[in-house]
Each structure stands twice: as C-alpha cells, then as structure tokens.
Amino acid sequence: MNRVVKEVCPECDTEQRVKGPRVCDKHSTDMCDACDIDLGTCDTVWAAGDGVYCSRECGEREYLKMCNGLVKMATQLFDAEAEEVNPQDIGIDRR
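With numbering that gives the first Met the number 0, letter number 66 in the sequence shown gets 65, and the count goes up by one each step, no holes.
Here's what the structure looks like:
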C-alpha cells in the first residue's frame, strides 16, 4: 500500500510528502543521504547521482547545497538525474 504520509524533516523542519511509515532503529542499515531515515521503511526512494533519498524534498535540498543555493540550477540538475524507484530494485531490504 502506498499511502502518502506527511512528515516534518528533522534536518530542515520542512513538511515532506513521503510514502510509507518511518522507523529508525538498530536494524537500520541503508539511510537517506540527507536526513538519515531508514530507506528500508520507504515504499519508494529517489536515486540521483551518488545519493539515495527518502523523498524528493530531501534530494532537492542536497542538490541545493551542491549548487551553492542556486535554486533553478539545483532543481534542473536534480530533475535530470533523479529517478523514483522501489527500494528493493536497488538492493535495499524492505523492513
């Protein structure tokens, strides 16, 4: 089931639209490159460049840092590289 959950990012305090529950515990191994959420609890993740993110918002925020705050450039670069994928398709075990 892919129900949309609204959650606040612990890093930037912005609301995100993500799919599935979020749990982080001692069994967590694959983490979001932006906010350290367990990717094994996500129904979908965003892969872009060398990073894997729990939500589009986390990915865009990381790209914004790489582009020194240039919003348009960061968004264009993320859109060109990002793909929403099933975590199991890229080797992340479902929890």
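Just so you know, even glycine gets a beta-carbon here, dropped at the ideal spot from N, CA and C. Bear in mind that the values here come from a model prediction, so they are computed numbers and not experimental data.
Identity of the residue in the options nearest residue i by Cα
| i | options | result |
| --- | --- | --- |
| ALA46 | VAL70, ALA33, GLU82 and LEU76 | GLU82 |
| GLY58 | ALA33, CYS41, GLY68 and ASN67 | ALA33 |
| ASP49 | ASP42, LEU76 and GLY68 | LEU76 |
With 16 other Cβ atoms within 10 Å as the buried cut-off, status of residue i
| i | result |
| --- | --- |
| ASP92 | exposed |
| ILE89 | exposed |
| ASP37 | buried |
| ALA79 | exposed |
Nearest-angstrom beta carbon gap, residue j and residue i [assumed within contact, 8 angstroms]
| i | j | result |
| --- | --- | --- |
| ARG94 | THR43 | Contact flag wrong, Cβ pair sits at about 14 angstroms. |
| CYS31 | TYR52 | 5 angstroms |
Check your understanding: What are the complete beta strand (DSSP E) segments, minimum 3 residues, inside the region 21–92?
Key -> Look at the region 21–92 and you find these whole runs of beta strand (DSSP E), each 3 residues long or longer: 44–47, 50–52 and 82–84.
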